[in-house]
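K.L.:
Pasting a structure below so you can have a look.
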Amino acid sequence: MSSETPNEGGQKKPPIPTPAKRIPALNIEKRGDRLYAVDSLHKWFAISSLLLFLITVGMVLADYSREWKRYQRQFVRLQIQKTQNDIRQVSSSFDRKKFDQLEAQVKQTEVQQKQNEAQIDKLQKQKNDLEAKLYAVDENYRFSKAVYDSEKYGYEDAVAHKASNAQKLGDKLKQTEKGMNDYKGDLDKTTLDLRAVNDELNKYFGERDALQKNRETQLADFSRLQTRLNTLNPGAIIVSFRNAPVFDFMNPSERINQVILSNLYNDQPFKAIPRVDRCTTCHLGIDQKQYQNDPQPFKTHPNLDMYLSSGSPHPMESFGCTSCHGGLDRATSFVNAAHMPRSEDQRKQWQKKYGWEEDEFIPQPMLPMANIEAGCYKCHNGSPEVPQAAKLNSGRDLIRIYGCFGCHKLPGYENIRKVGPDLSTVSGKLNKDWVRKWLANPKDFKSQARMPQFWWNSNNSGKSNGVDWDKRNAAEINAITEFLFANSKPKELPAGRTGGDPAKGKQIVETVGCFGCHAIGAIKDVANQSQIRRRHGYNLENQGSKVSQSWIYNWVKDPVQVWP
Amino acid sequence: MIIKEIINALTAPYYLITAAAILLLVSLKYPHKFYTNKVAAIVFGGMFLFLGLSILDPEFRKIVTKPDNVPIVGMLFLVPFFTWFSMREAVVNDQRSTDGKPLIEQEETAEKVLTWPDLVYTELICMVVLTVILIGWSMALQAPLEDPANPSSSPNPSKAPWYFLGLQEMLVYFDPWLAGVVFPGLIIVGLMAIPYIDTNPKGNGYYTLKDRRWEITTFLFGFLILWILLVILGTFLRGPNWNFFGPYEFWDIHKLEALVNVNLSEYIWVKGLGTGLPKNPLIREMFGFLIVLGYFLLIPPLLAKKWFKGFYTTLGPIRFHVMTFLLLCMAALPIKMVLRWLFNLKYIIGIPEYFFNI
């Protein structure tokens, strides 16, 4: 605020100020001639500082409370529970009797020791003295050896360079060697003495030590599990210290696990970024057998022989998770990882539980369980069949049979023969009336017809959008039929003979093996997929109404003549 | 709803900017009518009511509650409030000085300037409270991150940071070299030049409108209409493809606007003279050059002779010409806007061959 008074260059001096009228009269006795009372400012300062402190604490807490940490804590609890179960199991199969017996024997040897206490004490004292001596002697020997080695170098150097003092050095070396050997003798003697005393002591202790070792072996399972339990649960104070803000840079127990896949990339614009799969931050039991029956996210992978385990064809270290499953590799929260629900129910459940929503920015969300085999195709696209991916295989099969690639461009299907027959000789085989009926609804004629129905579907029958579809459909079908017949150049075929015996014919059809390839009539057993998808052996249902007898005669006689 | 339709239509840039400009100028002409507590209560009450009712509309809510648009909502209230507040003080002061009474600031600081604790301590408390608000805000509204940057697919609408949306809005009317380079440069240079151009000593340390009517009007027009309003327009009313969308309109990416803008040369040669466009761009655009040169060379002397005689004598020729140059540049934006709205004028000089378009 400027201290200059207005009207600086002005003409008249301002009159003597009256008390400021526009300043509210609140607290006038406290604040005196100031705008604010200092006391109340102190109060506001205190309140705002407290708020700042609280919001800073809140900020740190909000920053540290991560979804994955919750799962890791849950998993530790699960591990503790499992270890405790193991301990219980071990104790139930524990041979109490044998252990008690050992315990009694150990007690007995201890009683014996009591009787020879004086002797043992004496030996113990001897042992202590010898150990002290051994330390000193050993040091003397090692030091003198060090001196000897360095003098030896000096001597050899002098000899090699033919120095004048070589002789003198040689004498000195000999003297040192003698001293060293003395120490060595001393050392050997002390070692032997110590061994003798130990042997003497073992007479009293040997049996007890063996028994004690035996007892420890019996308890090995217990102590291993106990150590595990202690590592898992070192106490609330240690755990919270290790994971406390700032201190967690050292060795936190809650940490992000990741598999770095240096050969598999995320395709970003102009940059391929190595995948870093952090899924195991929450899916902690995914590669361990013992979590098969635990809830997600800890559940074991259902097929460890095929995936994740080091002996499988897809070990975790080189394939990770997202290369097959999809999803955001670096994400560490349920929603960000782009989990995809397998059903509408699950979607609703997730929305409620996790606030799940589809993230439009994740390029490849996870494949829902129903489509999981699609992940295989990323790598297994060269072979006609992918082993153990039945759904994927049958899907690719369907594409081939139904000819999706006729209209839709599909990589890998460019050079496959079209699924429909050659129509250039159609007028020699069919009549117009049949073609019209077939086009109107192929399934009316043959229940397993693969050609779709194009007319009289839900969106082009009756009258809608100002179109009389019935009229239009009929017109279109007629036009197509006429077009096909006008452009058809039928082969000249000899007239077929007639007058066969239907009963005899039936007998021949049934006996010579026509049914090996052909079927006649609708296939009722829809579950029998291979029957529906058979690709050779035309279904002969209703053939009589489709083609002339003469054509059938010629076809059966020599198919190549009809369709070269 | 019919009211929503009307509001959608009325917020179109030409109505919005024109109405805001007229409102500002009228309010500065009759300040004692506009900058009163009663008018403020009505205006801000109306704004809150508008926001409260509009937030029920899903399209409006979607845009207004976007985390990066929230500060602009704050600005929508704060800028008018402080404008109103300072103008109210100015009106009171002006009244007092005509009545011969002491000014507000004189009363407050007659004997001493209240620095401690009135200024410094309150500033400290303000600082702390603002930090609290910012931390709380950043915790409550997550940063609106989108997918990784991809040069081959830019987001639509592709918007500048909010404080540059005024510049982006200028791109509707001018080429990038003007709207993105020359005008921003002139804004900075012009703001720096103000203390050297403005020799009016009045208004130092106190609020007044009467003593500085010209300066305040110019500044408020530039700041409120040509900057703040364009930021608000760019934030809330510009959707995919930088098309205009009313506040209740769905941001349809397929919305089309007829681009039927025409250059001045086409107006003159094709429509006026009935001939084709000359091949030589300099001949083709000579009328545009004449107009632009006339705008910058003829108008200043004219002003000096006629309407701005007083300025010319008080400022001297150098100050005066710098001021008029900056002023004309500033006026170029609303002039181009009006020409665009009325005549679909694309460029006054349009030489796309050399990327020289004005």
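Listed in order, the protein sequences are those of chains A and B.
Under the numbering used here, the residues of the first sequence are numbered 81 to 644, in order.
Under the numbering used here, the residues of the second sequence are numbered 59 to 416, in order.
In this text, a Cβ means the ideal position worked out from N, Cα and C, and glycines have one as well.
Here the structure is a predicted model, which means the values were calculated and not measured.
Can you tell which of A:P464, A:A469 and A:E572 has its C-alpha closest to the C-alpha of G455 of chain A?
P.N.:
Ranking A:P464, A:A469 and A:E572 by Cα distance to G455 of chain A puts A:A469 first.
K.L.:
Under 8 Å by Cβ, that's how I've got Q152 of chain A and E334 of chain A pegged, so tell me the actual separation to the nearest angstrom.
P.N.:
5 Å
K.L.:
In or out: C362 of chain A buried (at least 16 other Cβ within 10 Å) or exposed?
P.N.:
buried
K.L.:
Name the two residues that bound the continuous alpha helix (DSSP H) containing S129 of chain A.
P.N.:
V118 to Y144
K.L.:
Output yes if chain B places a C-beta closer than 8 Å to the C-beta of K101 of chain A; else output no.
P.N.:
For K101 of chain A, the predicted model reports a pLDDT of 49, less than 50, meaning its position is unreliable; a value from the coordinates is still stated below. Yes, K101 of chain A lies at the interface with chain B (some Cβ there is under 8 Å from its Cβ).
K.L.:
Just to check my reading of the structure: Y235 of chain A and A246 of chain A have Cβ atoms closer than 8 Å, yes? What is that Cβ distance to the nearest angstrom?
P.N.:
Sure, about 7 Å apart at Cβ, within 8 Å.
K.L.:
Helix, strand or coil for I349 of chain B per DSSP?
P.N.:
helix
K.L.:
In chain B, which residues lie with their C-beta within 7 Å of the C-beta of Q348 of chain A?
P.N.:
P206
K.L.:
Let's test the definition: count the other Cβ atoms within 10 Å of the Cβ of Y371 of chain A and tell me whether it reaches 16, buried, or not, exposed.
P.N.:
buried
K.L.:
Starting from the C-beta of T266 of chain B, find all residues in its chain whose C-beta is less than 7 Å away, skip the five residues before and the five after it, and write them out in chain order.
P.N.:
A148, N151, D152 and K260
K.L.:
Given this structure, state the Cα-to-Cα distance separating W333 of chain B from R342 of chain B, to the nearest angstrom.
P.N.:
In the sequence as displayed, the identity of residue 333 of chain B is Thr instead of Trp. Taking the straight line joining both Cα atoms gives about 11 Å.
K.L.:
Inspect the beta-carbon positions of A411 of chain A and R358 of chain A and report whether they are closer than 8 Å.
P.N.:
yes
K.L.:
State the DSSP-derived secondary structure class of F414 of chain A, mapped to helix, strand or coil.
P.N.:
coil
K.L.:
Just curious, the beta strand (DSSP E) that A352 of chain A is in, first and last residue?
P.N.:
K351 to D357
K.L.:
Output, in chain order, the set of chain B residues within a Cβ distance shorter than 9 Å of F125 of chain A.
P.N.:
By Cβ distance, chain B contributes Y179, L182, I183 and V186.
K.L.:
Could one say the Cβ of S210 of chain B lies closer than 8 Å to chain A's Cβ atoms, at least one of them?
P.N.:
Among the residues facing chain A, S210 of chain B is included, as its CB has a counterpart in that chain under 8 Å away.
K.L.:
Please classify A237 of chain B as buried or exposed, where buried requires at least 16 neighbouring CB atoms within 10 angstroms.
P.N.:
buried
K.L.:
Kindly indicate which residue of B:K120, B:Y72, B:L82 and B:A98 has the alpha-carbon position closest to the one of P305 of chain B.
P.N.:
B:K120
K.L.:
Using a threshold of 8 Å, state whether the C-beta atoms of E556 of chain A and W535 of chain A are closer than that.
P.N.:
It is a contact, given that the beta carbons lie within the stated cut-off.
K.L.:
What runs of the alpha helix (DSSP H), each 4 residues or longer, lie entirely inside the stretch 175–206 of chain B?
P.N.:
The stretch 175–206 of chain B contains these whole alpha helix (DSSP H) runs: 178–198.
K.L.:
For P395 of chain A, list the residues DSSP reports as bridge partners.
P.N.:
A:L388
K.L.:
Between B:L400, B:S196 and B:V320, which lies nearest to P129 of chain B when the distance is taken from Cα to Cα?
P.N.:
For P129 of chain B, the closest C-alpha among the options B:L400, B:S196 and B:V320 is that of B:S196.
K.L.:
Please classify E621 of chain A: is it buried, with 16 or more other beta-carbons within 10 angstroms of its beta-carbon, or exposed?
P.N.:
buried
K.L.:
Can you list, in chain order, the residues of its chain whose CB lies under 8 Å from that of S171 of chain A, leaving out five sequence neighbours each side?
P.N.:
For S171 of chain A, the CB contacts under 8 Å within the same chain, skipping 5 residues up- and downstream, are F302 in chain order.
K.L.:
Per the contact definition of three or more C-beta pairs closer than 8 Å, is the stretch 179–199 of chain B in contact with the stretch 365–382 of chain B?
P.N.:
In short, these stretches do not touch, since the Cβ pair count stays below three.
K.L.:
Check whether the stretch 284–301 of chain B and the stretch 213–233 of chain B touch, using three or more Cβ-Cβ pairs below 8 Å as the test.
P.N.:
yes
K.L.:
Leaving out the 5 sequence neighbours to the left and right, which residues in its chain are closer than 7 Å to K101 of chain A when beta-carbon positions are compared?
P.N.:
Summary for K101 of chain A: the model assigns pLDDT 49, below 50, so the residue's position carries little reliability, and this model does not support an answer.
K.L.:
Hey, quick one: how far does the alpha helix (DSSP H) through V339 of chain A stretch, first residue to last?
P.N.:
Taken as a continuous stretch (DSSP letters only), V339 of chain A belongs to no alpha helix (DSSP H), being part of the beta strand (DSSP E) at V339 to Q348.
K.L.:
For G194 of chain B, return the contacting residues in chain A, with the cut-off set at a CB-CB distance below 7 Å.
P.N.:
I135
K.L.:
To the nearest angstrom, how far is it from the Cα of N373 of chain A to the Cα of N553 of chain A?
P.N.:
59 Å
K.L.:
Hey, which unbroken runs of the alpha helix (DSSP H) at 4 residues or more fall wholly within the stretch 296–335 of chain B?
P.N.:
none
K.L.:
For chain B, check one thing: does any of its Cβ atoms lie closer than 8 Å to the Cβ of Y116 of chain A?
P.N.:
For Y116 of chain A, the nearest CB of chain B lies under 8 Å from its own CB, placing it at the interface with that chain.
K.L.:
Of the residues B:E307, B:I393, B:K268 and B:T123, which one's Cα is nearest the Cα of S144 of chain B?
P.N.:
Considering only alpha carbons, the answer is B:K268.
K.L.:
Report the CB separation of L341 of chain A from D367 of chain A in whole angstroms; it is logged as a contact under 8 Å.
P.N.:
Contact flag wrong, Cβ pair sits at about 15 Å.
K.L.:
Under 7 Å Cβ-Cβ, which residues of chain B neighbour L131 of chain A?
P.N.:
V190
K.L.:
Going by DSSP in three states, S155 of chain B sits in which element: helix, strand or coil?
P.N.:
Three-state DSSP puts S155 of chain B in a helix.
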